[in-house]
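Residue numbers (our numbering): -16 to 433. So the structure is just underneath, and the comments pick up after that.
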Ligand SMILES: NC(=O)c1ccc[n+]([C@@H]2O[C@H](COP(=O)([O-])OP(=O)(O)OC[C@H]3O[C@@H](n4cnc5c(N)ncnc54)[C@H](O)[C@@H]3O)[C@@H](O)[C@H]2O)c1
């Protein structure tokens, strides 16, 4: 994505705003500025805005800090807390606020989306396109379009489109610049044309565009996440069967993945999925489908969720088994806290769920993660934390690998054995070579492997 795109800073190029500057929004704002657009980001979190303004990315995302600095230096990227300023500035407003799981329910909490759109619309006095990127229950766009028509001083000249986001944390810049596909959920040719214009540099790099209606666009996102979650839980269900009969799910997954119709991606057995998207998205989908009277169509997602949760419990069991049946007083080195490698995101992180269960069962758990320690400490203050793999492993009775960071994959079992009290490891992510570890004198256990 080179200099060509920067030529877009023609007077006619649309001015862009990004509402909500978290993992998704900050990345989108920075990338849009890198592509040559004038961008204004807004958030209700004043601290986040001041950190971004001073050139600091408030979370871990490879490459983003450098790109933020460049964008700020170019003068094309600014941040604010004023919706008035955002409405005055922007031609296209991207809504990127959070949609977490509602407390005590499977439903998505859309109150942040509603608040952001209401606040923005109240200031919109000229033609503009509002583009939802947040993951929302199908039907939200139709409701928000009506809300905008009622609230915006510019009324019907403000349109709403949905452009679901598929980026993966850890690969966020690449996924934004070169996505597998762009989905435009639009209600008019004008909205499609505006989106084609703003994504022209991305489309020019070869990403295919799918134009559809807003409700289908909303569905693409939750259907895609449901499919991915199902694929992960499918192989983890096979792991449960393997455990019952002494078969090896690792080999099973390899053999299945070689079938071109199945494919090996997302077919890795282990501790399962977590994070700020998959778990809450499949639950919100189940809830929304119930509301629409088609709950039965996605009832299998309850099983997908259940299998995923059982992997966490089973990992705790494996540690307990290795420790001789009782976790009280057992020193456990927990490697990993983030929900996946290359991220500091600990939302619904399987690693911390397991670590905290072990702690509750009486183990003395010490956790290390290359980037998520600060977040983990805030969310789980009762756990102990260390500064490195060898630090937490010193004196450990069991080591448990919970997030497959590459630095954990590369641990030398011969070196690690010199610091632990006992050579026992649970590989919660099928990230290590069992033969290598066993040869170094370790008792190695992994879910679904004999
Ligand atoms: N994180 C991902 O990898 C990813 C990928 C695809 C889609 N999504 C979806 O994108 C959305 C955002 O996710 P995220 O991970 O960036 O969440 P996040 O919590 O990191 O960021 C959300 C931001 O919105 C801000 N916000 C809340 N209410 C606001 C308001 N009224 N006005 C302005 N800002 C407001 C918050 O302060 C926060 O900074 C969610 O719907 C999520 O499902 C996330």
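The C-beta atom is built at its ideal place from N, Cα and C for all residues, glycine as well. Quick caveat: nothing in here was measured; it's all calculated off a predicted structure.
In this structure, does DSSP put residue i in helix, strand or coil?
{"i": "residue 66", "result": "helix"}
{"i": "residue 19", "result": "coil"}
{"i": "residue 2", "result": "strand"}
{"i": "residue 277", "result": "coil"}
{"i": "residue 378", "result": "coil"}
{"i": "residue -16", "result": "The pLDDT assigned to residue -16 is 43, lower than 50, so where the model puts this residue is not dependable; a value taken from the coordinates is nonetheless given after this. Residue state, collapsed to three classes: coil."}
{"i": "residue -10", "result": "Below a pLDDT of 50, predicted positions are generally treated as unreliable, and residue -10, at 48, falls in that range; the measurement from the model is reported next regardless. Here residue -10 sits in coil by DSSP."}
{"i": "residue 44", "result": "coil"}
{"i": "residue 27", "result": "coil"}
{"i": "residue 367", "result": "strand"}
{"i": "residue 241", "result": "coil"}
{"i": "residue 166", "result": "strand"}
{"i": "residue 293", "result": "helix"}
{"i": "residue 34", "result": "helix"}
{"i": "residue 383", "result": "strand"}
{"i": "residue 61", "result": "strand"}
{"i": "residue 388", "result": "coil"}
{"i": "residue 156", "result": "helix"}
{"i": "residue 177", "result": "helix"}
{"i": "residue 260", "result": "coil"}
{"i": "residue 441", "result": "The question about residue 441 has no answer, for the chain in this structure spans -16 to 433."}
{"i": "residue 233", "result": "helix"}
{"i": "residue 124", "result": "helix"}
{"i": "residue 346", "result": "coil"}
{"i": "residue 419", "result": "helix"}
{"i": "residue 106", "result": "coil"}
{"i": "residue 401", "result": "coil"}
{"i": "residue 11", "result": "helix"}
{"i": "residue 341", "result": "helix"}
Measuring from the CB of residue i, is there a heavy atom of ligand 1 at a distance below 8 Å?
{"i": "residue 427", "result": "no"}
{"i": "residue 163", "result": "no"}
{"i": "residue 46", "result": "no"}
{"i": "residue 105", "result": "no"}
{"i": "residue 151", "result": "yes"}
{"i": "residue 2", "result": "yes"}
{"i": "residue 14", "result": "no"}
{"i": "residue 42", "result": "yes"}
{"i": "residue 147", "result": "yes"}
{"i": "residue 155", "result": "yes"}
{"i": "residue 355", "result": "no"}
{"i": "residue 51", "result": "no"}
{"i": "residue 235", "result": "no"}
{"i": "residue 305", "result": "no"}
{"i": "residue 122", "result": "no"}
{"i": "residue 28", "result": "yes"}
Starting from residue i, follow its DSSP beta bridges and name the residues at the other end.
{"i": "residue 426", "result": "407"}
{"i": "residue 84", "result": "91"}
{"i": "residue 144", "result": "114"}
{"i": "residue 307", "result": "Per DSSP, none; premise fails for residue 307."}
{"i": "residue 76", "result": "0 and 113"}
{"i": "residue 351", "result": "318"}
Please list, in chain order, all residues of the same chain as residue i whose beta carbon is under 7 Å from its beta carbon, the five residues on each side excluded.
{"i": "residue 199", "result": "168"}
{"i": "residue -13", "result": "Caution applies to residue -13, whose pLDDT of 42 falls short of 50 and renders its modelled position unreliable; the value that the coordinates give is listed next. Closer than 7 Å at Cβ, skipping near neighbours: no residue."}
{"i": "residue 80", "result": "2, 3, 95, 96, 99 and 117"}
{"i": "residue 203", "result": "147 and 166"}
{"i": "residue -11", "result": "Here residue -11 scores only 49 on pLDDT, less than 50, and its place in the model should not be relied on; the value that follows carries that caveat. Within the same chain, residue -11 has close Cβ partners 19."}
{"i": "residue 213", "result": "287"}
{"i": "residue 48", "result": "40"}
{"i": "residue 225", "result": "231, 232, 235 and 431"}
Is residue i close to chain B? Criterion is C-beta to C-beta, closer than 9 Å.
{"i": "residue 61", "result": "Chain labels in this structure do not include chain B; a single protein chain is all it has."}
Please go through the same chain and pick out, in chain order, the residues whose beta-carbon is closer than 6 Å to the beta-carbon of residue i, but skip the five residues on each side of it.
{"i": "residue -16", "result": "For residue -16, the pLDDT reaches just 43, beneath the cut-off of 50, and the residue's location in the model is therefore unreliable, leaving the point undetermined."}
{"i": "residue 91", "result": "82, 120 and 267"}
{"i": "residue 334", "result": "319, 320, 385 and 386"}
{"i": "residue 44", "result": "155"}
{"i": "residue 218", "result": "236, 250 and 252"}
{"i": "residue 62", "result": "24, 32, 35 and 36"}
{"i": "residue 381", "result": "302, 305, 306, 315 and 407"}
{"i": "residue 429", "result": "410 and 413"}
Quick one: is the Cβ of residue i within less than 8 Å of any heavy atom of ligand 3?
{"i": "residue 264", "result": "Ligands present in the displayed structure are limited to ligand 1, and ligand 3 is not among them."}
Near residue i, which residues of its chain fall below 8 Å by C-beta distance, leaving aside the five closest residues on each side in sequence?
{"i": "residue 400", "result": "406, 423, 424 and 425"}
{"i": "residue 378", "result": "314, 402, 403 and 404"}
{"i": "residue 53", "result": "17"}
{"i": "residue 170", "result": "128, 142, 143, 144, 196 and 197"}
{"i": "residue 241", "result": "247"}
What ranges does the beta strand (DSSP E) occupy inside the segment 180 to 223, keeping only unbroken runs of at least 3 residues that lie completely in it?
192 to 195
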